[in-house]
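What follows is one structure encoded as structure tokens, with my remarks underneath.
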Amino acid sequence: MNLNPREIKGAVDLHNRKPEKEKVSRWSFLKVLREHSDLLEFYPEVNPYAECYKFRDNTYCIFVPSAMASLGDMWNYLIIGPEKALLIDTALGLGNIRALAEKLAGGKEVICANTHNHVDHIGGNYYFDKVYINEYDVDGLKRQMTPDYFPSQLLDENGKGKVADFDPAYLAPFKEYEIIGVPDGYTFDLGQGYEVELMLLSGHTAGQSGFFDKQTGCFFIGDTTSALKGPEEKHPELCTIRSLRDHMQAALDKYGEQMTGIFPGHGAIDLHPVTLQYIIDTANRIIEHPDWYDTKVQFFEHSMYAKMVYQFGSDLKYTMDTVG
Numbered sequence: 233m234n235l236n237p238r239e240i241k242g243a244v245d246l247h248n249r250k251p252e253k254e255k256v257s258r259w260s261f262l263k264v265l266r267e268h269s270d271l272l273e274f275y276p277e278v279n280p281y282a283e284c285y286k287f288r289d290n291t292y293c294i295f296v297p298s299a300m301a302s303l304g305d306m307w308n309y310l311i312i313g314p315e316k317a318l319l320i321d322t323a324l325g326l327g328n329i330r331a332l333a334e335k336l337a338g339g340k341e342v343i344c345a346n347t348h349n350h351v352d353h354i355g356g357n358y359y360f361d362k363v364y365i366n367e368y369d370v371d372g373l374k375r376q377m378t379p380d381y382f383p384s385q386l387l388d389e390n391g392k393g394k395v396a397d398f399d400p401a402y403l404a405p406f407k408e409y410e411i412i413g414v415p416d417g418y419t420f421d422l423g424q425g426y427e428v429e430l431m432l433l434s435g436h437t438a439g440q441s442g443f444f445d446k447q448t449g450c451f452f453i454g455d456t457t458s459a460l461k462g463p464e465e466k467h468p469e470l471c472t473i474r475s476l477r478d479h480m481q482a483a484l485d486k487y488g489e490q491m492t493g494i495f496p497g498h499g500a501i502d503l504h505p506v507t508l509q510y511i512i513d514t515a516n517r518i519i520e521h522p523d524w525y526d527t528k529v530q531f532f533e534h535s536m537y538a539k540m541v542y543q544f545g546s547d548l549k550y551t552m553d554t555v556g
């Protein structure tokens with residue numbers, strides 16, 4: 233069956249010729265949001281490759297369509313506090329996400345932080361002088377800070393998009409920035425006691441983290457649907473389904489009663505907090521019977537097993553050595 237996604241006509245005009253396969257839980261949500269919602273704010277004079285949706289009085293969800301093969305469209309998040317704002321992730325760096333965040337924040341200082349060090353969450357980091365990330369993902373982020381890294385990912389030998397049509401002039405220009413590694417539990421103060429806590433959700437990477445807004449109850453969780461061990465990973469013991477399960481359970485135990493919405497890095501957003509429990513339950517099934525997988529999948533260069541999180545409309549991907 234052809235699972236190439238049906239077209240959604242959003243404000244951003246970007247066509248990916250090799251998109252991620254359609255997931256039913258994502259498509260219908262994004263169809264309504266992008267084509268029919270009055271939440272959309274679009275500022276093409278600042279950033280023509282991002283759509284902004286205000287899901288809370290002080291919280292913008294910034295949607296960036298994917299320009300890479302088989303990679304899902306990305307969500308980035310901006311929390312605007314009394315004195316400062318926190319930008320969580322920066323997509324592939326297509327369009328000036330700093331300028332956009334500063335406009336949305338009304339000129340307040342914007343702090344930049346990453347949920348983890350994968351390519352689709354760090355591209356706009358070049359617009360900032362310093363970026364925060366969990367300490368376990370610092371080395372991986374440093375390895376990607378080279379002038380040719382993003383051009384090699386997005387552009388062909390003629391300097392045009394490999395799989396998507398976009399203006400290369402909008403790709404973030406390379407600039408070295410300071411990487412600040414922070415521990416689990418690190419708190420960002422956005423002024424007048426407005427706190428956002430970084431919470432380790434390791435599994436997808438060792439330093440994969442969520443950000444819990446203590447004021448609104450929103451939990452921004454990044455990517456929590458696979459356990460991967462990179463070839464240069466210094467903390468492989470954290471890149472497991474068990475690690476993801478344990479850290480997610482800790483987050484749910486600590487703040488579950490205060491959570492009002494779960495905001496992943498891809499797909500449908502503002503999910504019910506029970507979504508975390510669904511992921512934990514599926515992780516437990518994998519740990520108990522790793523050979524009882526639903527299907528085998530190719531996740532970029534990784535051959536992996538997948539167990540469906542049926543209520544989530546997605547899956548948990550793993551290899552036998554990342555069960556834990």
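First residue of the sequence shown? That's 233 in the working numbering, and the numbers climb one at a time after it.
We put the beta carbon where it would ideally sit given N, CA and C, even for glycine.
Between residue 385 and residue 342, the gap from beta carbon to beta carbon reaches 7 Å or more. In the DSSP annotation of this structure, the continuous segment of the beta strand (DSSP E) that includes residue 441 starts and ends at 441 to 445.
Annotated as distal: residue 418 and residue 433, with beta-carbon spacing of 7 Å or more. The three-state secondary structure of residue 300, taken from DSSP, is coil. Between residue 320 and residue 345, the C-beta spacing is below 7 Å.
Distance check between residue 527 and each of 518, 520, 521 and 537 places 537 closest, using alpha-carbon atoms only. For residue 332, the closest C-alpha among the options 299, 377, 279 and 374 is that of 279. Residues of the same chain with a CB within less than 6 Å of the CB of residue 546, apart from the 5 flanking positions on each side, are 457 in chain order. In this structure, the straight-line span from the alpha carbon of residue 382 to that of residue 544 is close to 31 Å. By the neighbour-count criterion, in which a residue is buried when 16 or more other Cβ atoms sit within 10 angstroms of its Cβ, residue 378 is exposed. Excluding five sequence positions before and after residue 372, the CB atoms of its chain that fall closer than 6 Å to its own CB belong to 349, given in chain order.
About 6 Å separates the beta carbons of residue 550 and residue 518, which is inside the 8 Å limit, making them a contact pair. DSSP lists 450 as the bridge partner or partners of residue 493.
Nearest to residue 516 by alpha-carbon distance, out of 556, 532, 498 and 505, is 556. Residue 330 counts as buried, since no fewer than 16 other beta carbons sit within 10 angstroms of its beta carbon.
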